[in-house]
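What follows is a single structure, written as structure tokens, with notes after it.
Residue numbers (our numbering), protein chains in the order written: chain A, 315 to 774; chain B, 910 to 1168.
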């Protein structure tokens, strides 16, 4: 409240040490008084700010900008007006007006990070990417509200490429510790209903094994601008997942991704290739190589439509009959709401068509489709709970040679977590995850639960 | 009741205005209004009378407006032109007339500025002029930024005039000719005899840092982070993650089958 009062003191109409011109100062004061009386007698001016606020709240930015322009002569310099005017100008494509209005807000209230985020967008629109980046980094350094910080991070990531010739880097290191009820993701049944003419029992240790685990994750990414709207990027990421006892199921993954991007007025196209390799108990097991394309289209300020396609080759080092090629396409929406808790949602629908390379083993191929949903909220400064859901339905090609039926699976994964931000670079998280795969062949039915804490640090 | 009261007030106002001739004289000289200031901002009239400027103060034709270290100011002229003056800068309002006739002649004496043009210069471009020791700037509906380096710019920056245009276009003229600079373009003019050199970008440190910019600068995150990432790894540039997520899902499925 005190800060608000201080701020009001600094506004033109409330400044006790308001300067006057040297000549006729007394008369000008009288004129000022008269103007104040005029304001009182003319309710249109008093109501204008409320109406402007309402229009901005309702996201009627065109009407808000029009109204703000009529109020501009008498209201510019008042912080609340300047902020609303800046937002309306920004959303209606008047980025230069937004720059001036929002700079005024920050001159009066330097800790107004909402205005700083908006000003960063205005700078971005006027091509001042370095300034935009500086403002977003300032939000990351100084803001304690998780919603603002998350928005700043997202906008830093979405900022068009750096100016030509510059390379941006970031690196992430994380460590997770937790419990896994089923490290090998298999059935918990020791004996299975026999397939026709066969008696099947799993060997000791082949059914569900529980264990504790530690996971070390890393990522290193770089981006370099080629021109005003084009850039190249590359990165390496991966993890080492070590079980405390069941080392047969230790996994290591390393991935390389590189490509190029093109920024349009309201869209971004990414073309990339990725190669990833999975090691099982430190022996190479499976690799994926894929070219991909992704098109991101901004719908308004905080909504993005994403379409992607990926053509992937899966190759097994010692089980080449399982090799497949897959085409995966997806469509989804990412949305951030402008509430104080800055809730963010994303929902993706995807479809995969996967065929065995060797037609004799066509039962390794499958058609699948699924839905992935993610949501997170900022319930308090530094605190971000989140929920991730994934459902996938798969129908395999051909008959399973052992069971003589066509395999069909329903897969569910639910993750519930909480992230606490220790600093702009460091997070601490807690997550519970439950996975369930229901198959018409019991061998493939399993449930798995994991609980873990994660500490994560990012360098920029 | 309120209507009657307001009639009385209007009548009183009329008398007040008629009796305020000296104030009107000052108002006739008024070019605009200071909208916001940070730090020490002053205005000096040609007769040497100086005054401190804070938000709400009148800006007068003939003023030399100066900002000290760490200060900045933004004001609006009567025609709607906005000016933002960063630290250690000086701008003179040589002549400002509005609305009839329209004329806005200014001189950047030191430092930099950013300005978004208003009405003046829209009908007749010759009504607007921003003079510097290196070149004179005319406008074509514009948001532009200037930085005049006179041995007061960061080490390695040559003396001269640096220009960036964000909206519209400007026309820079000096002894070597006239040059048009469009939105999105930047340029450098070393001196009054030299022609304009177009630049892909201007060094960021050239423009005095504003208090709200913060110390961050450059080097943002190249990748978005996912709060749900248990492994702590990330998807590059927000790639939807179906590729990277697919391998782990498949692996756990297959580990069971082959062990």
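Note that beta-carbon positions come from the ideal geometry of N, C-alpha and C, so glycine has one too. Model, not experiment: these values are computed from the prediction.
Would you say residue i faces chain E, with C-beta separation under 8 Å as the test?
i, result
"residue 707 of chain A", "Of the protein chains in the structure, A and B, none is chain E."
Which of the three DSSP states is assigned to residue i in this structure?
i, result
"residue 957 of chain B", "coil"
"residue 768 of chain A", "strand"
"residue 427 of chain A", "helix"
"residue 524 of chain A", "coil"
"residue 419 of chain A", "helix"
"residue 697 of chain A", "strand"
"residue 980 of chain B", "coil"
"residue 472 of chain A", "helix"
"residue 400 of chain A", "helix"
"residue 449 of chain A", "helix"
"residue 460 of chain A", "helix"
"residue 968 of chain B", "strand"
"residue 675 of chain A", "helix"
"residue 1116 of chain B", "coil"
"residue 702 of chain A", "strand"
"residue 414 of chain A", "helix"
"residue 467 of chain A", "helix"
Candidates the options: which alpha carbon is nearest residue i's?
i, options, result
"residue 1051 of chain B", "B:1063, B:1028, B:1061 and B:1071", "B:1028"
"residue 490 of chain A", "A:747, A:758, A:743 and A:751", "A:743"
"residue 570 of chain A", "A:551, A:428 and A:763", "A:551"
"residue 406 of chain A", "A:395, A:391 and A:373", "A:373"
"residue 581 of chain A", "A:557, A:613, A:596 and A:598", "A:613"
"residue 1067 of chain B", "B:1111, B:1075, B:1053 and B:981", "B:1111"
"residue 706 of chain A", "A:385, A:625 and A:749", "A:749"
"residue 1069 of chain B", "B:1002, B:1063 and B:1059", "B:1059"
"residue 535 of chain A", "A:572, A:527, A:553 and A:544", "A:572"
"residue 554 of chain A", "A:575, A:487, A:589 and A:578", "A:487"
"residue 460 of chain A", "A:531, A:658 and A:669", "A:658"
"residue 528 of chain A", "A:537, A:497 and A:621", "A:497"
"residue 688 of chain A", "A:395, A:728, A:610 and A:642", "A:728"
"residue 660 of chain A", "A:701, A:438 and A:577", "A:701"
"residue 618 of chain A", "A:646, A:453 and A:597", "A:646"
"residue 566 of chain A", "A:575, A:709, A:560 and A:556", "A:556"
In whole angstroms, what is the alpha-carbon distance linking residue i and residue j?
i, j, result
"residue 734 of chain A", "residue 693 of chain A", "11 Å"
"residue 1008 of chain B", "residue 417 of chain A", "27 Å"
"residue 761 of chain A", "residue 594 of chain A", "21 Å"
"residue 942 of chain B", "residue 404 of chain A", "23 Å"
"residue 1004 of chain B", "residue 989 of chain B", "16 Å"
"residue 628 of chain A", "residue 667 of chain A", "13 Å"
"residue 983 of chain B", "residue 939 of chain B", "16 Å"
"residue 763 of chain A", "residue 541 of chain A", "47 Å"
"residue 362 of chain A", "residue 464 of chain A", "33 Å"
"residue 545 of chain A", "residue 771 of chain A", "26 Å"
"residue 1015 of chain B", "residue 1022 of chain B", "12 Å"
"residue 975 of chain B", "residue 375 of chain A", "36 Å"
"residue 547 of chain A", "residue 752 of chain A", "39 Å"
"residue 737 of chain A", "residue 530 of chain A", "20 Å"
"residue 675 of chain A", "residue 451 of chain A", "53 Å"
"residue 952 of chain B", "residue 945 of chain B", "14 Å"
"residue 370 of chain A", "residue 382 of chain A", "10 Å"
"residue 492 of chain A", "residue 526 of chain A", "6 Å"
Exposed or buried, residue i, counting other C-beta atoms within 10 Å across all chains shown (16 or more means buried)?
i, result
"residue 773 of chain A", "exposed"
"residue 410 of chain A", "buried"
"residue 1032 of chain B", "exposed"
"residue 995 of chain B", "buried"
"residue 978 of chain B", "exposed"
"residue 445 of chain A", "buried"
"residue 427 of chain A", "buried"
"residue 758 of chain A", "buried"
"residue 1089 of chain B", "exposed"
"residue 1109 of chain B", "exposed"
"residue 1106 of chain B", "exposed"
"residue 408 of chain A", "buried"
"residue 768 of chain A", "buried"
"residue 958 of chain B", "exposed"
Just confirm the distance between the C-beta atoms of residue i and residue j, as a whole number of angstroms; I'd bet it's less than 8 Å.
i, j, result
"residue 684 of chain A", "residue 704 of chain A", "6 Å"
"residue 1073 of chain B", "residue 1104 of chain B", "Not really, about 18 Å apart at Cβ, beyond 8 Å."
"residue 690 of chain A", "residue 662 of chain A", "Contact doesn't hold; Cβ gap of about 15 Å is too wide."
"residue 1102 of chain B", "residue 1082 of chain B", "Not a contact, Cβ separation roughly 13 Å."
"residue 420 of chain A", "residue 430 of chain A", "6 Å"
"residue 378 of chain A", "residue 402 of chain A", "4 Å"
"residue 1017 of chain B", "residue 1045 of chain B", "Rounded, the Cβ-Cβ distance is 10 Å, inconsistent with contact."
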